[in-house]
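Residue numbers (my numbering): 402 to 477.
Here's the structure we're looking at; comments come further down.
Here it is in structure tokens:
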């Protein structure tokens with residue numbers, strides 16, 4: 402799954418996991434500047450498969466990167 406967090410973002414490969422009403426995105430490479438209130442959109446090829454508003458983020462093992470968590474299930 403490719404995830405975009407900005408309008409002109411090229412997108413970053415990510416694992417999208419659902420746990421109850423939350424969706425966690427684990428990026429395969431560093432993504433900087435992810436913040437609550439931003440939108441994220443999930444793609445398979447050119448098809449939009451879902452998206453949501455970022456409610457919190459946490460740092461992965463990379464320095465200065467974070468992963469968004471969504472408060473509600475947004476996949477379609």
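The C-beta atom is built at its ideal place from N, Cα and C for all residues, glycine as well.
All of these numbers come straight from a predicted model, not from anything done at the bench.
{"Check": "Nearest candidate by alpha-carbon position, reference residue 424, set 430, 411, 409 and 440", "Outcome": "440"}
{"Check": "Inter-residue Cα distance where the pair is residue 431 and residue 421", "Outcome": "26 Å"}
{"Check": "Selected residue, minimal CA-CA separation from residue 434, among 450, 453 and 460", "Outcome": "460"}
{"Check": "Buried or exposed (CB count within 10 angstroms, at least 16 for buried), residue 456", "Outcome": "exposed"}
{"Check": "Inter-residue Cα distance where the pair is residue 449 and residue 407", "Outcome": "14 Å"}
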